[in-house]
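Below is one structure; the comments refer to it alone.
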Amino acid sequence: MTIDSNAVIARTRDHVETELDDETIVMHTRSGHIFGMSDTAQAVWRQLAVPRAFEAIVAGVADDYAIGADACREDVRAFLAELAANDMIVVASAADAYSAGRHP
Amino acid sequence: MLQPVTAHRDRFFGIAGLAASVDPRIALSGQAELPWPPDAAPDLRVRKVKEIGAPADPVVVTPWLTAAPRDFTFRPAPGLAFRIRDGRDIAIAWGGAVPPPDIEAYLLGSAWGVLCHQRGLLPLHCSAIAFGGRAFAITGQPGAGKSTLAAALCRNGLDYVTDDMGVLDPARDFALDAMPKAMKLCADAAAHLGITCGKRVASRVDKFFVAAPVAATVGTLAALYVLDDAGADASAITELSGAERFVQLIASIYRVEWLSLLRQPEAVFAQAAALSRRLRIFRFARPRDFGRFDDGVAMLIAHMQEVRP
């Protein structure tokens, strides 16, 4: 799945998580799949503590690493696509998110 | 005055930290029989029945397994069936051709694992030994060599704790309760260790019962070793961290393949998270040939001496 730059992204409710050895461990409760997140992946997941627009997530990760947004945008996009493929997040267009009252 | 006549009276056993009232027609070897009358009501009953029946609302139905989380039935062999309910009742039906050791093996194996899950306990698929008053568990895929390694460690003076299953109680700070039962070894492993084989394990044609040493009583696990079954050129022990540590802990849960049928994933995750924060987990890779087996055993003993919580 391609994550559009105008997308709004939210975690699904089907997960539990814990911190262990500087990693975030997340389990999808319906599939049972377990994911370990560190570094950029962990930063992206933390940005998703509340639903956010794609560019807000990129900006947050860039701020965490004190780098320019262009330096991490595609990495963030690729990881979000991976999360979406595993039903860990829902991705909506900005228009859909506003109409659902979930604006970022 | 007429007195009620019963055909039998249950025997009481302490099994892996639980008091079990057991039908005397069910043979148990190596378990600690408790005095009669018991001090308190048993934690569970183990009964012989003619038919086990079936759960009312199963979440899975197969020819050999029909289960709901609190009412779980399985048929592991022709003529043998178990039903485990509410973590308090194990009903067993068997025909005349089923050897008693097979009934005991499945009772103290899969059926007990289901019972533990229903009670919110955390059974691990492991062998365990004790050293200096601390317990160390060895886990790995079937055939990885858990029992062989545990037997070798015992031949080197370490105390035997359990073979096949250790039960951790989250409500008691993950205290370890061992499942005392006969150790099973492959013939070549027993020969290498100089251990005499007993009867063949019916459910595993390549394994034989061997006499286990008297089990030591221990408190909590000091470490868990995961056997790398891929084999290696030389023995090596590496500590696991983060997601790898967590995943290996989940994989070591007894009957992990039934976990989704028995427990809420959130509850298992919470227990595993709490345990993984306090338990050190190591991968133990070693050559699989007996020519270099003893070197790996010596390395493991030295590691256990040094490992700290």
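These protein sequence lines map, in sequence, to chains A and B.
Going by our numbering, the first residue of the first sequence is number 165, and it counts up by one from there.
Going by our numbering, the first residue of the second sequence is number 834, and it counts up by one from there.
Each residue gets a CB set at the ideal place from its N, CA and C atoms; glycine is no exception.
Judged by DSSP in its simplified three-state form, A:V254 adopts strand. Short of 6 angstroms from the beta carbon of B:F964, and not among the five residues preceding or following it, lie these beta carbons of its own chain, in chain order: L991 and M1137. A direct Cα-to-Cα measurement between B:A1131 and A:N250 gives close to 44 angstroms.
When DSSP states are grouped into helix, strand and coil, B:G1031 belongs to the coil group. For B:G999, the enclosing beta strand (DSSP E) begins and ends at M998 to D1002. Look at B:R1110 here: in three-state DSSP terms it is helix. Excluding its 5 nearest sequence neighbours in each direction, B:P888 has C-beta neighbours in its own chain below 7 angstroms: T899, A900, A901, D904 and T906, listed in chain order.
For B:D1010, the three-state secondary structure derived from DSSP is strand. Within the DSSP bridge table, the entry for B:T899 names B:V894 and B:T906 as partners.
For B:G946, no CB of chain A lies under 8 angstroms from its own CB, so it is not counted at the interface with that chain.
For B:G1124, the number of other beta carbons within 10 angstroms of its own is below 16, and it is reported as exposed. Rounded to whole angstroms, the gap between the alpha carbons of A:V214 and A:I253 is 11 angstroms.
The beta carbon of A:T188 sits closer than 7 angstroms to those of E181, M201, Q206 and W209, all from its chain and outside the five residues before and after it, given in chain order. Taking C-beta separations shorter than 7 angstroms and ignoring five residues to either side along the sequence, the partners of B:L867 in its chain run F845, F846, G847 and A852, following chain order. A residue is called buried when at least 16 other Cβ atoms come within 10 angstroms of its Cβ; B:D1010 meets this threshold and is buried.
Scanning chain A for C-beta atoms nearer than 7 angstroms to the C-beta of B:R1110 yields L184, reported in chain order. In this structure, the CA atom of B:V855 is about 12 angstroms from the CA atom of B:A865. Nearest CB-CB separation between B:S1074 and chain A: below the 8 angstroms threshold. By the rule that beta-carbons nearer than 8 angstroms mark a contact, B:E1099 touches chain A. The alpha carbon of B:A938 has as its nearest neighbour, out of B:L955, B:A914 and B:G953, the alpha carbon of B:A914. Taking a 10 Å sphere around the C-beta of B:T972, we find 16 or more other C-beta atoms and assign the residue as buried. For B:A963, the pairing in a beta bridge is given by DSSP as B:A968 and B:D992. In the displayed model, B:K1040 falls within a strand according to three-state DSSP. Among the bridge pairs identified by DSSP, A:H192 is matched with A:H179. Among the CB atoms of chain A, one or more fall inside 8 angstroms of the CB of B:V1080.
Take A:S169, set aside five residues on each side of it, and the residues of its chain with a beta-carbon closer than 6 angstroms to its own are F218, in chain order. In the DSSP annotation of this structure, the continuous segment of the alpha helix (DSSP H) that includes B:G1129 starts and ends at F1126 to E1139. Looking at the backbone, the Cα of B:T1053 and that of B:I962 are separated by about 12 angstroms.
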